[in-house]
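Peer 1: Pasting a structure here, questions to come.
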Amino acid sequence: IYEHTRMIRTDFTRASLLAAALVIVVLLLAFRRLFDVAIALIPVLFGMCLLLGLMGAIGMNFNVATVVVPPLILGIGVDAGAHMVHRWRQSADDNGGVANLSDLLRGTGAAVLLASLTTVTGFATLMLADYGAMTTLGFSLAIGVSACLVASVIVLPSVLVVLKRAK
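Written out as structure tokens, the structure is:
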């Protein structure tokens, strides 16, 4: 059992790193600018940091179930940031290089909110399971996706305003 658990942790760590590298490559191909890729990754980085910090604060360790959470949060959370960056670029092109914050939040922000909330709801139902590993998996995914959502509609636009890329 120990060897099996070690293999799972090692393989999911490797999968997480590979997923991160591939996500960066896909974003680079889509956006063609490193700055835009970095902005799109803000929600995922925020979500992962918040999740890991909360797990540490409440004493939750990675186990066979929760070790799958980082690559899942990466894959699920990055789309919200990517959609927001697409809309930011579109608004910036339409407004002389500085995006209109209401353009960013009104349409795309609402769509990101709805999509993320449905995903969080689905993962949160796992917390109703009797099996403890399933409960922690649901909790971890719900917290991670919720944090990515908050970062997508609050943190990312705020960063763009501070950097004078949106107003």
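Everything in the sequence shown is counted per this note's numbering, starting at 1 for the first residue and increasing by one. Ideal Cβ positions, reconstructed from N, Cα and C, are used throughout, including at glycine.
Which of helix, strand or coil does DSSP assign to A129?
Peer 2: Look at A129 here: in three-state DSSP terms it is coil, with no helix or strand label.
Peer 1: Mind the definition here: the segment 113-128 touches the segment 17-28 only if three or more C-beta pairs lie below 8 Å; say whether that holds.
Peer 2: no
Peer 1: Please name the residue, chosen from A111, A129, V98 and L141, that lies closest to K164 on a Cα-to-Cα basis.
Peer 2: Comparing Cα-Cα distances from K164 to each of A111, A129, V98 and L141, the minimum goes to V98.
Peer 1: Spatial neighbours of F12 within its chain, please: CB distance less than 8 Å, with the 5 preceding and 5 following residues excluded, ordered by chain position.
Peer 2: If we look at F12 and ignore the five residues flanking it on each side, its Cβ neighbours are V67, V68, P70 and P71.
Peer 1: Does the Cβ of M48 have 16 or more other Cβ atoms within 10 Å, making it buried, or fewer, making it exposed?
Peer 2: By the 10 Å Cβ count, M48 comes out buried.
Peer 1: Using the DSSP secondary-structure output, state which residues sit across from A99 in a beta bridge.
Peer 2: A166
Peer 1: Give the single residue among A40, A15 and A30 whose Cα lies nearest to the Cα of L160.
Peer 2: Just measuring C-alpha positions, the residue of A40, A15 and A30 sitting nearest L160 is A40.
Peer 1: Contact defined as beta carbons within less than 8 Å: I believe R89 pairs with D103. What is the distance between those atoms, to the nearest angstrom?
Peer 2: The pair is not a contact, with the Cβ atoms about 11 Å apart (cut-off 8 Å).
Peer 1: With burial defined as no fewer than 16 other Cβ atoms inside 10 Å of the residue's Cβ, what is the status of T211: buried or exposed?
Peer 2: With the chain running from 1 to 167 in the structure shown, residue 211 is simply not present.
Peer 1: Could you tell me if I1 is buried or exposed, where buried requires 16 or more neighbouring beta carbons within 10 angstroms of its beta carbon?
Peer 2: Label assigned to I1: exposed.
Peer 1: Does the segment 141-155 come close enough to the segment 71-86 to have 3 or more Cβ pairs within less than 8 Å?
Peer 2: yes
Peer 1: Quick one: what does DSSP say I73 is sitting in, helix, strand or coil?
Peer 2: I73 falls in the helix class under three-state DSSP.
Peer 1: For V112, I'd like the list of residues in its chain whose CB is within less than 8 Å of its CB, leaving aside the five on either flank, ordered along the chain.
Peer 2: A80, H83, M84, L149, S152 and V153
Peer 1: Can you tell me whether V24 is helix, strand or coil according to DSSP?
Peer 2: Here the sequence assigns Ile to residue 24, which means Val is not the residue at that position. Helix at I24.
Peer 1: When you compare each of V64, A115 and L128 to E3 by their alpha carbons, which one comes out closest?
Peer 2: V64
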